[in-house]
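Asker:
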Amino acid sequence: MDLLALTDFNLVARHGGFGKAARATGRPKATLSRRVAELEASLGLRLFERGSRAPKLTEEGKALHERTGPLLTEIDETAAAIASGGDRPRGNLRISAPLNFSQIAMGKLAAGFALRYPEVRLDVTAENRAVDMIEEGYDLAIRVNPPADLSLVGRVFLHDRIVIVASPKVVRPRDGSPAPAVVWGPDRELAGWSVKSKAGPARIAFTPALSLSSLSMVRDAAVMGAGAARLPVSLVSHDLADGRLVHWADVDGPETVLWALYPSRRLLNARVAAFIDYLKEAFPTGAPEELAAFIRS
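Take 122 as the starting number for the sequence shown in this note's numbering and just add one per residue.
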């Protein structure tokens with residue numbers, strides 16, 4: 122494949138037309154059109170639907186642009202970094218992060234990173250869905266207990282554990298009757314929590330008193346005494362230390378692990394490497410108490 126023709130194709134795709142690409146780059150429109158036609162001929166595919174209006178990418182053209190555009194950008198940025206005498210972080214860094222982690226920590230993390238690396242344009246999206254990093258153009262994704270995915274590599278940067286807590290105002294039933302609870306997410310469909318005890322696995326029955334859409338809201342309601350709640354230690358450790366909440370039990374199950382992931386087919390560029398190092402600096406051991414301290418700092 123002719124890389125010059127591929128570069129010109131991506132210019133036209135990115136700018137939305139031959140004329141727009143020519144005006145933006147100073148390249149002759151005829152040259153861009155010829156290069157794209159040569160690429161189509163070499164591939165045996167039509168990459169643009171040409172008509173009276175601006176050319177539109179075909180499905181094959183869209184797939185080629187989505188897969189090759191970021192790679193060519195990385196090549197350009199690497200060449201620019203080498204030419205400037207170093208490989209310092211610069212350019213766009215697009216991150217997907219879970220909603221709760223974003224609400225309690227990503228604002229401070231993003232601000233600190235931006236101040237340290239002013240040549241990086243950071244774009245963070247808070248969402249709980251598992252994004253397709255390659256198709257959607259993300260450079261880094263923070264995920265909680267992600268399933269194995271051979272297309273992604275990364276590093277664990279935080280550990281947490283889940284506990285059942287309640288205000289001292291809430292009396293824990295000892296006869297097996299359900300306790301009032303503030304619930305979130307999958308807990309809405311449950312009637313009890315599986316927990317650890319000295320005698321082995323146990324169960325705390327509950328009746329939902331409130332159903333809320335974020336862990337921060339659940340924590341606030343639990344502190345107010347609305348019911349028991351299932352929450353990460355990092356979010357409630359200071360409440361436990363100050364007596365606003367009391368520990369009922371540890372949830373029975375695997376620990377919560379946060380990963381910083383990036384696509385394995387891409388080279389680890391300076392932007393991503395710098396952000397992963399920044400996470401490691403913020404949470405040196407990855408203990409939940411470090412996240413709790415970071416939130417309160």
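C-beta: ideal position from N, C-alpha, C; glycine also. Since this is a predicted model, take the numbers as computed values, not measurements.
Ignoring anything shorter than 4 residues or poking outside the segment 278–365, list the alpha helix (DSSP H) runs there in chain order.
Answerer: Entirely contained in the segment 278–365, the alpha helix (DSSP H) runs reaching 4 residues are, in chain order, 336–345 and 354–363.
Asker: Can the beta-carbon of Ile-263 be found less than 8 Å from the beta-carbon of Ile-216?
Answerer: Result yes, Cβ atoms of Ile-263 and Ile-216 sit closer than 8 Å.
Asker: Going by other Cβ atoms of all chains shown within 10 Å of its Cβ, with 16 needed for buried, is Ala-300 buried or exposed?
Answerer: Answer is buried; the Cβ neighbour count reaches 16.
Asker: Taking only three categories from DSSP, how would you classify Phe-169?
Answerer: DSSP places Phe-169 in strand when its eight states are reduced to three.
Asker: Going by DSSP in three states, Asp-253 sits in which element: helix, strand or coil?
Answerer: It is coil, neither helix nor strand.
Asker: Would Ala-413 pass as a contact of Ala-349 if the rule is Cβ separation under 8 Å?
Answerer: For Ala-413 and Ala-349, no; Cβs fall outside 8 Å.
Asker: Alpha helix (DSSP H) containing Ala-162: first to last residue?
Answerer: Taken as a continuous stretch (DSSP letters only), the alpha helix (DSSP H) holding Ala-162 covers 150–164.
Asker: Are Tyr-259 and Val-252 touching if we call contact CB-CB under 8 Å?
Answerer: Yes, the pair counts as a contact, with Cβ atoms nearer than the cut-off.
Asker: Go ahead and pull the three-state DSSP assignment for Arg-211.
Answerer: Arg-211 falls in the coil class under three-state DSSP.
Asker: Leaving out five residues on either side along the sequence, give the residues of the same chain with a beta carbon under 8 Å from the beta carbon of Ser-337.
Answerer: So the list reads Asn-221, Gln-224, Ile-225 and Leu-356, once near-sequence residues are dropped.
Asker: According to DSSP, is Thr-246 helix, strand or coil?
Answerer: Strand.
Asker: In angstroms with no decimal places, state the Cα-to-Cα distance between Leu-230 and Glu-161.
Answerer: C-alpha separation (whole angstroms): 44 Å.
Asker: Does the segment 353–372 come within contact of the segment 181–197, defined as at least 3 CB pairs closer than 8 Å?
Answerer: Contact fails: fewer than three Cβ-Cβ distances are below 8 Å.
Asker: Which first and last residues belong to the alpha helix (DSSP H) in which Val-133 is found?
Answerer: Residues 124–136.
Asker: On the CB-based measure, 16 or more other CB atoms within 10 Å of its CB, does Gly-147 come out buried or exposed?
Answerer: It counts as exposed.
Asker: Determine the direct distance from the alpha carbon of Ala-126 to that of Ala-158, and round the result to whole angstroms.
Answerer: The straight-line gap from Cα to Cα measures roughly 9 Å.
Asker: Drop a sphere of 10 angstroms on the beta-carbon of Val-393, count the other beta-carbons inside from all chains shown, and report buried for 16 or more, exposed for fewer.
Answerer: Per the 10 Å Cβ criterion, buried.
Asker: Would you mind sorting Arg-144 into buried or exposed? The rule is 16 or more other CB atoms within 10 Å of its CB.
Answerer: Arg-144 should be labelled exposed.
Asker: Is the segment 309–317 touching the segment 242–252 in the sense that three or more CB pairs, one from each, lie closer than 8 Å?
Answerer: The segment 242–252, when compared against the segment 309–317, does not touch it at the 8 Å Cβ threshold.
Asker: Can you give me the Cβ contacts of Ala-403 inside the same chain, cut-off strictly under 7 Å, excluding the 5 residues immediately before and after it?
Answerer: These residues qualify, in order along the chain: Leu-230 and Phe-415.
Asker: Is the beta carbon of Pro-329 sitting closer than 8 Å to the one on Ala-362?
Answerer: Not in contact: Pro-329 and Ala-362 (Cβ atoms no closer than 8 Å).
Asker: What are the partner residues of His-368, as DSSP defines its beta bridges?
Answerer: Answer by DSSP bridge pairing, in chain order: Val-286.
Asker: What is the DSSP secondary structure of Ser-223, reduced to helix, strand or coil?
Answerer: Reduced to three states, the DSSP call for Ser-223 is helix.
Asker: In this structure, does DSSP put Leu-400 in helix, strand or coil?
Answerer: Here Leu-400 sits in helix by DSSP.
Asker: Within its chain, find whatever has a CB closer than 6 Å to the CB of Ser-332; leave out the 5 residues flanking it on each side and keep chain order.
Answerer: Correct list, in chain order: Val-304 and Arg-309.
Asker: Please list, in chain order, all residues of the same chain as Ser-154 whose beta carbon is under 8 Å from its beta carbon, the five residues on each side excluded.
Answerer: Within the same chain, Ser-154 has close Cβ partners Phe-139.
Asker: What number of angstroms, rounded off, separates the C-alpha of Thr-427 from the C-alpha of Ile-283?
Answerer: In the structure as shown, the chain begins at 122 and stops at 418. Residue 427 is therefore absent and cannot be evaluated.
Asker: Which residues share a DSSP beta bridge with Leu-178?
Answerer: For Leu-178, which the question treats as bridged, DSSP gives the partners Phe-169.
Asker: Could you have a look at Thr-146 and say whether DSSP puts it in helix, strand or coil?
Answerer: Correct three-state label for Thr-146: helix.
Asker: Whose CA, out of Val-354, Pro-375, Tyr-383 and Ala-391, lies closest to the CA of Ala-408?
Answerer: Per the Cα distances, Val-354.
Asker: Kindly indicate the opening and closing residues of the alpha helix (DSSP H) around Ala-232.
Answerer: Segment 228–237, the alpha helix (DSSP H) holding Ala-232.
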